[in-house]
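A.B. asks: In case it helps, the numbering used here puts the sequence shown at residues 69 to 387.
Built from N, CA and C at the ideal position, the CB exists for glycine as well.
Computed from a predicted structure; not experimentally measured.
My structure is below; once you've seen it, I'll send some questions.
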Amino acid sequence: MPIPKAELHLHIEGTLEPELAFTLADRNGITLPYSDVDALRQAYSFTDLQSFLNLYYELMDVLRTPRDFTDLTEAYLARAAAQGVRHAEIFFDPQAHTSRGVDLDTVIEGLTAALDTSLARHGISTALILCFLRDRPAHEAMDTLHQARPHLDHISAVGRDSAEVGHPPAKFTEVFAAARDMGLRCVAHAGEEGPASYIWQALDLLKAERIDHGIRALDDPALLTRLAADQTPLTVCPLSNVRLRAVDHMAHHPLPALMDAGLLVTVNSDDPSYFGGYVHDNFQALHTHLGLDTEHLRRLARNSFTAAFLDPDRKRALI
Ligand code: HPA
Ligand code: ZN
Numbered sequence: 069m070p071i072p073k074a075e076l077h078l079h080i081e082g083t084l085e086p087e088l089a090f091t092l093a094d095r096n097g098i099t100l101p102y103s104d105v106d107a108l109r110q111a112y113s114f115t116d117l118q119s120f121l122n123l124y125y126e127l128m129d130v131l132r133t134p135r136d137f138t139d140l141t142e143a144y145l146a147r148a149a150a151q152g153v154r155h156a157e158i159f160f161d162p163q164a165h166t167s168r169g170v171d172l173d174t175v176i177e178g179l180t181a182a183l184d185t186s187l188a189r190h191g192i193s194t195a196l197i198l199c200f201l202r203d204r205p206a207h208e209a210m211d212t213l214h215q216a217r218p219h220l221d222h223i224s225a226v227g228r229d230s231a232e233v234g235h236p237p238a239k240f241t242e243v244f245a246a247a248r249d250m251g252l253r254c255v256a257h258a259g260e261e262g263p264a265s266y267i268w269q270a271l272d273l274l275k276a277e278r279i280d281h282g283i284r285a286l287d288d289p290a291l292l293t294r295l296a297a298d299q300t301p302l303t304v305c306p307l308s309n310v311r312l313r314a315v316d317h318m319a320h321h322p323l324p325a326l327m328d329a330g331l332l333v334t335v336n337s338d339d340p341s342y343f344g345g346y347v348h349d350n351f352q353a354l355h356t357h358l359g360l361d362t363e364h365l366r367r368l369a370r371n372s373f374t375a376a377f378l379d380p381d382r383k384r385a386l387i
C-alpha cells in the first residue's frame, strides 16, 4: 500500500490521459491531429518546458463543458487515491481556458463538482490554486483575479506557471499583493528552468509561502540557507524534471542534496499524464534510482502534510 501523502504540485490540465482526450474530442465534435491514442502518446517526448507546454495547451482544447472538467478531475482523484494521496492542492490555468472562449464559471463549476465529493468518494480533501500564466501580461493576470472574485470560496491560493525564462516573478508583484488582500495564500513556480534569482524574487516580492520546483536553489548557497532557516516548502517534481530535461537522469536528481541542506522538500507529479507517472511513481523512482529508503520516503510524505494549507484538525489526523 503506498504511503499516505499530500500532493501539492499538480496541474489538473496535466492529468489529461490520451484515452480521455479522445473521448472528450469525440463528445465535443473535435478532430485531434493524431490518428489514435498510440500516435498521441508518441508525441509525449519533450526537449524542454516549452516543448511540453505546446502540447499541453493544444490538447486542453478538448475541455469545453463543465462535465469535461468534472470527468478530468474525477479521473485524477481516482488515480491519486490509489497512489496514497489523502489531500490534494490542485492548480488550474483559467487563462488557458478563457482565452479560447471557455468561461471561468464553466471551469469552476466542473472542477468543484468533482472536488466537492472527493473526501466522501476517495478519502481525499482538496484545495484549488488559481495559476496565472507567466508568459502573459500582468494586467491579464489582474483581470483574471477580478473575474475569480465570485468564486473565492472555492479558491485557496494563487500561483504562477507556464514558460519561465524571461518572465521573472517581479512582473506579478502587484497581482500577488491584490490576491493577498483578497485573503488568498500565495505559491509560485520558480527555479525550474529559471535562475535562483527568480526564487529570491518569489520569496521577497510575491511573498510566496511555497516554491514550486525550486531545484535551481542549489546554485545559490545563501538561498539554501534562507530556505532551510524559514522551512519554506519546495514542491519538487522528479519525473517532470527528467522528462523536461531540467535534470539529465533520475540518478542525478538534486532532491537528496536539497534534503541534506535541511530544506522542507515534498514530492509531486506536476503533469502526471505527460511525465510518465503519478505521485507514488515519483516516490518509487527516487527509491529505484537514488536509493532513498523507507525512512526518507516517510519523511517526504510527512513533509507534504506539514507544507499543506490544511486546517489544523485534518493536518493532525493525517500526519
Ligand atoms: N512548469 C510550468 N508551467 C506548467 C507546468 C510546469 O511544470 N505544468 C503546467 N504548466
Ligand atoms: Zn508545475
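My parser needs the alpha helix (DSSP H) runs of 4 or more residues fully inside the segment 147-173; what are they?
C.D. replies: List check, alpha helix (DSSP H) in window: 162-166.
A.B. asks: Could you tell me whether any non-hydrogen atom of the ligand HPA is closer than 7 Å to the CB of Glu75?
C.D. replies: Glu75 Cβ: outside cutoff for every heavy atom of the ligand HPA.
A.B. asks: Ignoring anything shorter than 4 residues or poking outside the segment 316-363, list the alpha helix (DSSP H) runs there in chain order.
C.D. replies: Complete alpha helix (DSSP H) runs here, min 4: 323-328, 340-343 and 347-358.
A.B. asks: Within 10 angstroms of its Cβ, does Ile98 collect 16 or more other Cβ (buried), or is it exposed?
C.D. replies: Exposed.
A.B. asks: Could you tell me which uninterrupted alpha helix (DSSP H) segments, each at least 4 residues in length, are contained entirely in the segment 77-114, listed from first to last along the chain?
C.D. replies: You should have 86-95 and 105-110.
A.B. asks: If you compare alpha carbons, which of Glu142, Asp203, Thr212 and Gln215 is closest to Pro236?
C.D. replies: Among Glu142, Asp203, Thr212 and Gln215, the Cα nearest to that of Pro236 belongs to Asp203.
A.B. asks: Under the DSSP definition of a beta bridge, which residues are partnered with Phe377?
C.D. replies: DSSP lists no partner for Phe377.
A.B. asks: Pop quiz: Arg154 and Lys73 are said to be a contact at Cβ under 8 Å. What is the actual Cβ separation, rounded to whole angstroms?
C.D. replies: Yes, they are in contact, since the Cβ atoms of Arg154 and Lys73 sit about 7 Å apart, within 8 Å.
A.B. asks: Looking only at its chain, what residues have a beta carbon closer than 6 Å to the beta carbon of Ala89, apart from the 5 residues adjacent to it on each side?
C.D. replies: Closer than 6 Å at Cβ, skipping near neighbours: Leu127 and Val130.
A.B. asks: Going by C-alpha to C-alpha distance, which of Leu332, Pro340, His219 and Thr356 sits closest to His317?
C.D. replies: Considering only alpha carbons, the answer is Thr356.
A.B. asks: If you run the structure through DSSP and keep just helix, strand and coil, what is His257?
C.D. replies: Three-state DSSP puts His257 in a strand.
A.B. asks: Let me know if Ser167 comes out buried or exposed under the rule of 16 or more other beta-carbons within 10 Å of its beta-carbon.
C.D. replies: Exposed.
A.B. asks: Does DSSP put Gly178 in a helix, in a strand, or in coil?
C.D. replies: Helix at Gly178.
A.B. asks: Please return the same chain residues whose Cβ sits closer than 8 Å to the Cβ of Phe149, not counting the five positions on each side in sequence.
C.D. replies: Before going further, note that residue 149 is Ala rather than Phe in the sequence given. Hits under 8 Å: His190, Gly191 and Ile192.
A.B. asks: If you draw a straight line from the C-alpha of Asp173 to the C-alpha of Gly251, how long is it?
C.D. replies: One C-alpha to the other measures close to 20 Å.
A.B. asks: Straight-line CA distance for Met210 to Ala195?
C.D. replies: Roughly 21 Å separates the two Cα atoms.
A.B. asks: Who are the near neighbours of Ala319 in its chain, counting only those whose CB is closer than 6 Å to its CB and skipping five residues on each side?
C.D. replies: So the list reads His357, once near-sequence residues are dropped.
A.B. asks: Would you mind working out which of Leu145, Glu208 and Glu85 sits nearest Leu183, comparing C-alpha positions?
C.D. replies: It is Leu145 whose Cα lies nearest to the Cα of Leu183.
A.B. asks: What does a CB cutoff of less than 8 Å around Val170 pick up in its chain, not counting 5 residues either side in sequence?
C.D. replies: Excluding sequence neighbours, Val170 sits near Leu131 and Arg132.
A.B. asks: How about Ala393 and Glu208: do their beta carbons lie closer than 8 Å?
C.D. replies: Residue numbering for the chain in the displayed model covers 69 to 387; residue 393 lies beyond these limits and cannot be assessed.
A.B. asks: Comparing the CB of Ser308 with every heavy atom of the ligand HPA, is any distance shorter than 7 Å?
C.D. replies: Indeed, a heavy atom of the ligand HPA lies less than 7 Å from the Cβ.
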